[in-house]
Each structure stands twice: as C-alpha cells, then as structure tokens.
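**Student:** Please find one structure pasted underneath; my questions will follow.
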Amino acid sequence: MLQPSGYTHMGDQINSSYDAPLKFINDVRPTSPKLQKENLSMISLSGNFETESVDKNKKARSVICEIIAINPQFGTQLKSYLTKPVIQQIEKEESLQLLAKIKRITIISLDIMPQKCSNTELILLVDKCFLFLHSIAIQYEGYINVVNLYDKNIFFSIAFGIYEYVDNDQFDETCKNGMLCAIHISRTIKTLTGIHSIFIGISTGMTYCGVIGHIARKYYAIIGHSVDTAIRMMNISHNRISCDYDTVLHSQIEKNQFRSRGLRTLRRFEKYHVYEFVIDTPIQEYVDTTSSLTYCYPILGRTRELGYFNKILDEIKLVDRKYSGLLIEGIERSGKSRLLDAFVRLARARRIRIIKLSLHVIYADKAYSVIYHIILQIFEAEDCETVGEREKVLLDKLSDIFVIEDFCYLNALMRVHFPLSDTYLSDTDWQRHMKTVDIFETILKELKINVCILLDDIQNMDYKSWQFLSSALDNQNIIIAMTMLKPSSWDDLSQVEAEIYKDKRIMNHELAGLDLDLLPVFACQFLNVFGISEKLSSILREHKDGHIGWCETYLTSILQTNGLDFLKITPSEAIKRNLIFPDSSLITKLPIELMPEELSPPLPWSQMGILDVCVLNENYFQPTDKDCDITELMSKIYDRMNPYEQDFMKCGATLGRVFKRSMVENVMPNAIPPHTSRTISEMIRMRILECAALQRRDFHYEDLIFCIDTTRQTFSDMHHLVSCHCSRPTITHRLPLPKTPYAQCKMLEFKIAAFHKMIYNMQTNKERNEHHTRAAKIYGQDAQKCNSCGSDRFLRILREDLLKEMEKEDVVSPRISMVRRRTIESQKLVTPKLTPLPIDTIKTARTQDSLGVCRVSIMPTSIDIEEEDVLKKEENKIIAESRFQKQFSSFSAEMIDDTAYLSSLETFHHVDYRNCQCDSVVSHLFWRMHQHIEKSGETEKVLEFFIQYSAAVIQLAQSFYAINLLSIAAKRCKAEIDDKWINDNTENNIMHKGIILALMGDAYNALGNYDQAKRYYLLAVKCRDTQFAIEKGICYNILRMFCKLRAPPDYTLDEKSMQLVVRNMELASYLRRLCSIFMKENRLKMAQSFALRSFRIAFQSIDSFLEKGQIYLATVRVLHHTRSIRVLSGELEEAVEMGIKVFKISRALHLNKLMLIILPSLIQIMLWTRRINKTVDFMWELYFLADEDIDWSAKTWYYALSLDLMLDGGIVLESYETSYNYYKEFIGD
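Going by this note's numbering, the residue at position 624 of the sequence shown is 677; the numbering climbs one at a time, nothing skipped.
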C-alpha cells in the first residue's frame, strides 16, 4: 500500500501496540470458508492465539517504543492511517475482533491516469490526490480503504457504511453518500494538474468487514463480491461513473439520472447489468444555448383558444363552474399539439400540477392504459417498471387512506398483484368497477392541489380509461384539456369520441388555420432564421386556408431542390436585399419555463450584429397550381428522391413512425452504410425525419428498441431543431464533426405523420409483406424475457423443448426403458436393492445433454403420510433411511469432484428480477411484432406468438388485454382445425387449443372470476382426457413413492414416447390449474383428487422440471390443508439445511420476495437449534433486505426477532427501547 509522503512507513504494527486484554464475549462472527482457503487467519476470542505469540508482541512493542522515544509525534501520525472504528476500539481497550461484521456497504473504485511526468512529480501527484480525495470522502462519511500505485495508474478504494450509526435509519443514506461522493469527485478532481483521465466504478452489497492478518501486521479488511464488482465496473468507465443495479436501487436518486449500458461481460463469463450516472455536462462554448429543448419559439396566433383555456383555469376550484375541460379538434398538422404545449406553459405559470400524455395507437387496445399512465404521473412513479415497484409505491402513498383489503381493486388498473380479498371475490364485475372508480376519486380528493391533465390524440383512448376521466371532471380541482383528430365522418366515431362530444362539461372548439400574415413568421421559425425573401413570403400568403401542414410540406420541397441559400449578413447588408423581417419577439427563442412578459423584449433585427436569413435561388420549387393539395406535394417530394432514399423511407415507414436505424439496415435489402448515412442526413435536412433522441432520454443503444414509443418531452416540435447530440463532440475529445451531418443518429422519427402514412401506402403489397416479414423475424429474436429475467420464453411449451432435445440426442445413445424399476402394491412397498454406480459412469451420464434428468433432488423429502402409519412404521423407516444413505454416498463423490455443480449458480449471476425490463419488452417489442405479423400475411407461427404474448401480459398483470389476445388466437385456432388441409397437424392444433384455454383460465383466475376460470380449465382438460374419477389409496401410495424416490427414473426417448410425454404433461398442467380453483373455492376433496392425479401423471414423464415443481408444491399444499400430510414433521435440522439452499438460490437470482418469506422462519428455526452465529448473519441479511420490501413487514420481523435473539440467545442487536420505539411509531397507531 502506498503511503503519503512526509510520513515514516513502519508497516501496520500500530494495532499490535494497542492490543488490550481480550474479554470473553459471545462469538457472533460469520464463518467464511473463503477466508480459510486463503489462509487469512482470524483473531481468536479465547485468547489462545495471543498467548502463543507473546514474544512477537514484545518485539513489536519494543520497536515501536524506540521509535516513539525518538519521535514523540509518531503515535499521532500513525492515527492518520487508522479508521475511526479501530481508533475507538483501541481507546476503549477492547478487542479489535469486535469489529468483525457482515455489512452492506458501498464501494467506490477510482483509477487515476496521470499524464507523463517524472517520479518526483508522480509522488507529489499521489499526495495531492490522497489529500483531495480524503477531504471529499469525509464529507460523505466515507474513508479511503486502499491506495495503490501501479506503473500507469493510481488506484483508490473508498468505502461507505463502515461507521456505526446511532440512528439505524442513517444507513439509508450510505449508498446515496457514496453516489454523491463519486459525482463530487468526477466533477472536481480534474482541477488537479497532471491528471489525464479517471475511471470510477461503484458497487453496493454485503461484505465482510473486520481485522485480519498476522499479529505483527493486522489491518482492517473489506472482503466481498461487491469489492470485486466495483473494480470491474471501474475498468470499463473511462471518464464516467458506472455502477451496478444495487447502487441504482439504494441511492435514492431518480432512475432517469442513470443510463443503462446494457448487459456487459466482465472478467471471463460473469455478466453484469452496468449503469452510467448521467452528469450534466456544461454547454460547450461553440454550441448555441438555444439549440436545446430548454428554449422554444412563441406560439403564433391562437389568441382565442388561449383565452378559452385561461377562462377555464380561472374557474378552477369553483363548485358551479361551467366547464371542466376543453376539447380541441382539427385536421392533421393544424397546430393541436402546439396548442397543448402553450397550455402547459400557462398552467405552470399558475403553479398548477401538470399531467400530460401523448396517446399512442396501442392505448386503444389495452383497457385502463391511459388512466394507468396518468396515475403513475400523479404518484411520480413513471420509472416504476416492475410489479413490485408499483406495489411499493401504492402502499407507500395510499396505506393511510385505504385498508389493505381494498388494494386488490387496483390490480387491473395499476397492473399489480395484490391478494384478492373476500369482499372483492363476492362482488360482481360492475361492483368492482364502481369501487375502483370510487378509489380513484378518493385519490384525486386527497391530492388537495390543482391538477391539469393534458391529453393529445384522444381518439386512441380506451373506453374504461374514459370512464375514470369522466368521473375526474366532477372534481373541482381537476381540469382536462384534450386534442382530437377531426373525424372524417360521424358514423366512424368510437364510443369514447361519441361520449366526449355529448359531455356538457367539456367545451368543444374546432381549430382553424393560421392567419395568412403569420405564415411567413412560421416559415422563419421552421427554418430557424430571422428573415426570408419577399418572394417566398408572398407565395406562402397565397395559400387560402393558412394550413400549417401545407406550409411545412412546401418548405420541405424547396429544401429538397436546394432552392434556399442560408446566409449570415449584417443589418446593413439586409437592407440591400428584398427580405421580410417579422417581429423579432415572434422569431426569438425564449426559455421554456418563463412567460414572454417576464422577459425583456428582444432587440429589433436592425440592432443585431449578425442575422441568419434565407433567400431563394434559381433552384426553388414553385407550385404550378395554387390550390395544390398537401398530398400532391408529398408525392412530388417522394418522386424526386433517388431509389436508395425511396427504399430507405419505405422500410422506415413499415417499421413505424419511430424506428431504429439498425432495424432499417437489416430489413432493407442491399443496405449500404455510407448511402444510409447520406440518406439520413438528407432527410433530416429536409425536415422529413428528426433524431428521436432529441425528445427522449439518453438510452443505451441496445435498449432503444424498447423505448421507441416512450413519451416525448413536449407534445409538438415547437423547437424546430435540426442538430442533435449524437454527433456533437465532447469537451474532452473535440473531434471534428463528420462530413455528413446527422449521420450518427441511431433512432429516427417522422416529423409529419401524414408523410409516414403516404409513404407506407405507396408500397406494393409484395414490398409491404416482405418488409413486415423481415421485421417480424428480427423482432422475433428478442421476443422473450429481458436479460434480467434470463432471456427465456414467457411460456415454456413442452413439445418444443422435447423436439429440441431429440434433435440434439446422440444416435448412439442407449435406449432406456420407460417403465419404472419399482412396483406398487396396494398393501406393501417393495424395496429393491440398489447398486451404486461407478463414479466415472455417473460423470459420463451427467454430460449427456440429451437426458435432462436432475440427479440430486432439491424437493423436501421429510413428508410423512398418514397411510404410511398403517404400513409398518418402524420397519419401513429403518429400510428407507438405509436406502437413502447409500444413495447419498453414491452421489457425494460426484458432487465434490464436479466443479460445474459447485458453480452452477454463477451462470445466473446476471439474473436480477428486481431489474425486470419485461414490461418495456412486451409493451413495445411484442406490440410491434404483433403489427408486423398481422400485416405480413403469414400464418405459420401466429398461434405460437399469440400464446407467448398472452402469457407475457398475464405475468405483467394485464389480464384484460390477455383475454382479447386469446380470443383472437382461439378464433385462429378454430379456423385451422376446421381447415381440411391442415389435418396433418391435428396434434399441434389440439395442443394450441389446450394452451389457449388454460391461459384464458389463468387470465380470469388473476381477475378473481373463478367460475369462468374453472370452465376454461375443464375445457382444457377435456382436450386431453375426459376421466375425472381416481382411486384414493393408490394415489397415496404413488405420492409416497415419488416423494421418497431420489434415484432418477429411466425413460425411452423416441418420437412416439415424446408425444405421449407431451400429452401427459399438458394434462397434468391443466389438472394442476383446476386443483388451484377448487382450493380457492374450499372444495378440498375435489382439489385433492385432481392434485394427486396431476402428480401421478407428471412424474411418469421426463423433463419439464418447472412444471413438475409447481405440481409438487400444489399437491403438498392440498394435502397439507386436508391434513393428509405433515410437512417436515419437526425435522428442524433438515428444515435449516433446506432453507439455506433455497435462500442461496433466491439470493443468486435476486428473488427478494421469496427471501423475505424464507428469512423470518429460517431465523426462528436457527435460533431454536442454537445456531447463534448464523442467526446473527441472517438477521443482518433481513435488516438490509427490508429496505426493498413493499411494506413494513420485513422491518417488523427484524425488530421482533431481535427481541427473541436477546431473550433466547443473549445477543443484543437492537435494544428493547429501540424495538419499542419502532412499535409505537409504525405499529402501535
């Protein structure tokens, strides 16, 4: 470790000089096998180690005493190398072993790359950096843990959360302090001369913190996975701050401040989700400050519409107000969205809360979609992307308003999974809807602030959302302003549009064109100039309707022909030209947060230094017909494009209004990157396309496909920006701009929706089908769960899995009998002798991928069946125990030697269900793929897609939308079954029909409609079997056999047996679902019958481990309720072993809900079995994990178990007063 200059390095022997007599206390240290393997010896509490090393202590003390005699300040200087906890322990004359603890801390790894310098300058730079970082770290309760000097860099490690806090709630600030410290360092450290660049990585997690090392050289060490993760994050973070998801989650900083860098592979095969903190960089000197979204042009005209809105704002909070909302309707490109942006400015000036949403076409298909996004904005929870995050926000915001039993009414509305209450189950669908509306009205009343809801394109609104918004109009604190595309015919009105027109609480206003005198002003804004030629102004004024869309299209056509010259001239030169200069207040960009009257008027053009103007040249395009339609102008623009530009635009139009550049390059045949760059540059220059990243957050390139339909920052293009940040050089790397501007934009958007529709319709049917087909195939590669959830399918179809297994199977592999090697009789259990297999044979068998058999069961085996009591209790128990011991011995050598078994969980390191992005995948990618499949005309894999899509939305708590999708899939499936030419695929059609019926039952089950769910489950069962009778005694024997059996059964793997396996597993899955419905209806005998039959059928087939696990748990749950079995039967030691295994799996996969369920019971059992050390470790796990719980349950368990630990174990983690204060604050009231 590098020491700062000016001090004498004497090692770390200061600790030995301060060693005090050790006291006998309870040992609460965690045992770490890793430390034992690395020979990192711990200090023994018994004092034996101290006795054995007396001589070494005396030598060390004598050396230090001699140094102190020479330099009296030596002790003070040594303290600068010790952390505060170590100094406190030494001053109290207590053992340093008390510092050993498992903590969750935040680590900053910082690499500083110095410039070329001499050794002396390098030493001085290290000193400066150390003092500088130390002065920053202490401000945020951090300390420098490691300093190392390498050949080309200086490494620092800063730890947060080491200090003990008097108030435990202060721990919540640990991660935040670490993040703020990293930001502070990143912004200020380059003020030191001699630094070339920096690398910063941050990680948060559980670590071991304690004093380790030899008695002559002890030091306080921090050891854990998060320490290594921070270093790996640092290595890929050149001049940026990168962190893991735990840091994002616990930093208390808004998620929109972090940008995903995707799933990165760091150090061999370990994968991490890397996030970058987006630091607001200062604006470069050479960049115009008005070239951003913080400045915009003032709105032109619309005085009457603004007056209407101001009048409605004046009447807010009035009980007898005339209007509660305003509807603006008009044709496309008439300025509706621009008017909403003006409304935003007016409402903010009155300090009214703004809720704004641009409605997409997808909203019309999904029930509650609009009101869902509105409520998220009300709760400021737009970044909540998972079901758990939304549940936590709802409980936090509404727990003081509603009882916990009423939260289930929000399941369909807010896409959550709260447990269904008895009252909810007894209500009809209409009663549930009205109760949900009442809850929504109560939420609005509790706001007690004025709210303005602004909605664009409400023709895309779903009907259920309108019912909620209609009730909101009765709230005197709410006003709603909406825009709608003028319908072509009154017969084409949707139900939502018809009711909005009839609503007397809403003022309807049709938007007309601009005043003709304002069209030249609009042209100046559109072209970002102060003046235009007089000839161009006269052409624009001749358009009789004042249509903004026509003006935009005409200017685009002139730009295409290069008919405009953009000049920078002085006012004196401008006088010599025939130019028109509108009022400077109308063409000067103003700060978006300020009103025009709050600013001083801009200078007139005659007093400016340099003027941006444009003049017509000989290439300008003049329409021959003054009444030329906008469609004709667009057609001429398209015709003048070269073939490559036309193909590019047609592919882009096929992908949607917002599309990803790489998608076009893949869909477009014969795409050439240089031509693509020139085409993008030309389309942006012509104002046909714009960089979609201007209006959206800065997403990682791989994530753009999931964010193409995200909300824009503004409704309209009131900024008229052409430049973007994609090709802008940074401060540290001032590279020259590319020769082709805008060529680096990765996400593009059509500025005019009409142009997008026109180009799409100009394609031939063959071209359109080919483009949709290619796009569907590309989307299909990512149409699965997100990386955080394992990138697997949402619904595993057994037939597809088994067919893949058969394709991989080696032809030479031995055929194995499908029949069990054990037999069942009605009165006794025959126990054959088992011969252990050789270890080599077992290893060879494990490597055969064709046999997906789990050789070591993780299911519980201590299940006692009542029927077994009649069948020779003691004798069978002895035989079974001896048999199990032999089997374990046969596998133990394999488990020890097989390194793949020990590290199997490491392959799932990147799986983190807390960071689930499946909602974005389903909302955008699956919906786009759905559109492409529908329009491509191909029906080969349509049913498979609908099944995966429906399963996905059910898992994401969107059951109503799943029912709509499944209804479409059911019609397609019925049509395929009726077709005679598809009779060869009858088995596939039956499989699809059964899965669709089962998923339909799952959707109704989630909604609490158990009668409908049961009806669909029964239909699914009838697809495979019609027998419902079952013999109870035989099933009990079968259940006992499969629960006790650990050796893998032998199967025959061929096509015929696979088909039988598929049918049996599908039937078992449907029976399991039916069993769950009878359980909820408290019909336990029927539930038991179907559970046992499902169990028997499932465990006679190979593979499908997940489904077998669900069937196993369902069977145990039913038999436990019917008191047919006693789970664990008091076998506490096995319960602890099983609980630890499940906890390790849950922690590896970040299954927090499961860990929070397991930990309280596991801690209690450990306390009963006197495993005090592990109990304390798990208590800390529970304490830190409680921060991620959706409510206060985990924290309450922690304080309750702390009292148990104090009473039963004599260990004080939390005092009685602390627990009692927690009870009074959170539980007592």
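The beta carbon of each residue, even a glycine, is placed where N, CA and C say it ideally should be.
According to DSSP, which residues form a beta bridge with Gly254?
**Tutor:** Partner(s): Ser162 and Ser295.
**Student:** In whole angstroms, what separates the C-alpha of Asn818 from that of Glu563?
**Tutor:** 37 Å
**Student:** Span of the beta strand (DSSP E) holding Val582?
**Tutor:** Looking at the DSSP string, Val582 is not in any beta strand (DSSP E), and its letter there is neither H nor E.
**Student:** Can you tell me where the alpha helix (DSSP H) with Ala1321 in it begins and where it stops?
**Tutor:** Look at the range of the chain in this structure, 54 to 1282, and you will see that residue 1321 is not part of it.
**Student:** Taking Cβ to Cβ, would you say Leu612 is nearer than 7 Å to Arg594?
**Tutor:** no
**Student:** Are the beta-carbon atoms belonging to Pro167 and Leu178 less than 7 Å from one another?
**Tutor:** Yes, they are a contact pair.
**Student:** Quick one: is His267 buried, meaning 16 or more other Cβ sit within 10 Å of its Cβ, or exposed?
**Tutor:** exposed
**Student:** When DSSP labels each residue in this structure, what does Arg406 get in the three-state scheme?
**Tutor:** strand
**Student:** For Asn1135, count neighbouring Cβ atoms within 10 angstroms of its own Cβ and tell me buried if that reaches 16, exposed if not.
**Tutor:** exposed
**Student:** Once you ignore the five residues that flank Ile165 on each side, which residues in its own chain have a CB closer than 7 Å to its CB?
**Tutor:** Cys182, Asn206, Ile207, Ile248 and Ile251
**Student:** Do Arg1288 and Glu1040 have their C-beta atoms within less than 7 Å of each other?
**Tutor:** Missing from the structure shown is residue 1288; the chain here goes from 54 to 1282 and no further.
**Student:** Which residue from Ala1056, Leu451, Asn1058 and Ile1049 puts its Cα closest to that of Ala1073?
**Tutor:** Ile1049
**Student:** Ile384: buried (16+ other C-beta within 10 angstroms of its C-beta) or exposed?
**Tutor:** buried
**Student:** Using the C-alpha atoms, what's the distance from Tyr261 back to Lys1067?
**Tutor:** 52 Å
**Student:** With H, G and I counted as helix, E and B as strand and the rest as coil, what does DSSP make of Leu1202?
**Tutor:** coil
**Student:** 7 Å is my cut-off, CB to CB: does Leu429 come that close to chain D?
**Tutor:** The structure shown contains no chain D; it holds only a single protein chain.
**Student:** Beta-carbon separation of His809 and Ala724 under 7 Å?
**Tutor:** no
**Student:** With DSSP as the reference, label Leu1009 as helix, strand or coil.
**Tutor:** coil
**Student:** Using a 10 Å radius around the Cβ and a threshold of 16 neighbouring Cβ atoms, would you call Cys170 buried or exposed?
**Tutor:** exposed
**Student:** When burial is assigned at 16 or more other CB atoms within 10 Å of the CB, is Tyr328 buried or exposed?
**Tutor:** buried
**Student:** Where does Asn309 land, buried or exposed, given buried means 16+ other C-beta within 10 angstroms?
**Tutor:** exposed
**Student:** According to DSSP, is His267 helix, strand or coil?
**Tutor:** strand
**Student:** By alpha-carbon positions, which one of Phe1279, Ala796, Leu447 and Ser1255 ends up nearest to Ser1268?
**Tutor:** Ser1255
**Student:** Can you give the Cα-Cα distance for Tyr421 and Leu708, rounded to whole angstroms?
**Tutor:** One Cα belongs to Tyr421, the other to Leu708, and the distance between them is close to 26 Å.
**Student:** The beta strand (DSSP E) that contains Ser210, what's its start and end?
**Tutor:** Element bounds for Ser210: Ile207 to Phe213.
**Student:** Comparing C-alpha positions only, which one of Met687, Phe847, Cys839 and Val711 sits nearest to Ile812?
**Tutor:** Met687
**Student:** Buried or exposed for Met648, please, with buried defined as at least 16 other CB atoms from any protein chain shown within 10 angstroms of its CB.
**Tutor:** Its Cβ having fewer than 16 others within 10 Å, Met648 is exposed.
**Student:** Touch check for the segment 361–371 and the segment 538–557: three-plus C-beta pairs under 8 Å?
**Tutor:** no
**Student:** Mark Glu1270 as exposed unless 16 or more other C-beta atoms lie within 10 angstroms of its C-beta, in which case mark it buried.
**Tutor:** Note on Glu1270: under 16 other CB atoms within 10 angstroms of its CB, so exposed under the neighbour-count rule.
**Student:** Just verifying my parser: in three-state terms, what is the DSSP assignment at Phe634?
**Tutor:** Reduced to three states, the DSSP call for Phe634 is coil.
**Student:** Helix, strand or coil for Leu526, going by three-state DSSP, please let me know.
**Tutor:** coil
**Student:** Starting from the C-beta of Asp65, find all residues in its chain whose C-beta is less than 8 Å away, skip the five residues before and the five after it, and write them out in chain order.
**Tutor:** With a pLDDT of 34 at Asp65, under the threshold of 50, the modelled position of that residue is not reliable, and the figure given next carries that caveat. Closer than 8 Å at Cβ, skipping near neighbours: Tyr134, Gly266, Arg270, Lys271 and Tyr272.
**Student:** Helix, strand or coil: which one does DSSP assign to Glu605?
**Tutor:** helix
**Student:** Would you mind stating whether Phe579 and Leu608 have Cβ atoms separated by less than 7 Å?
**Tutor:** In contact: Phe579 and Leu608 (Cβ atoms closer than 7 Å).
**Student:** Can you tell me whether Phe619 is buried or exposed? The criterion is at least 16 other CB atoms within 10 Å of its CB, across all chains shown.
**Tutor:** exposed
**Student:** Starting from the C-beta of Ser97, find all residues in its chain whose C-beta is less than 7 Å away, skip the five residues before and the five after it, and write them out in chain order.
**Tutor:** Note that Ser97 has pLDDT 33, beneath the 50 cutoff, so the model's placement of it is unreliable and no number is given.
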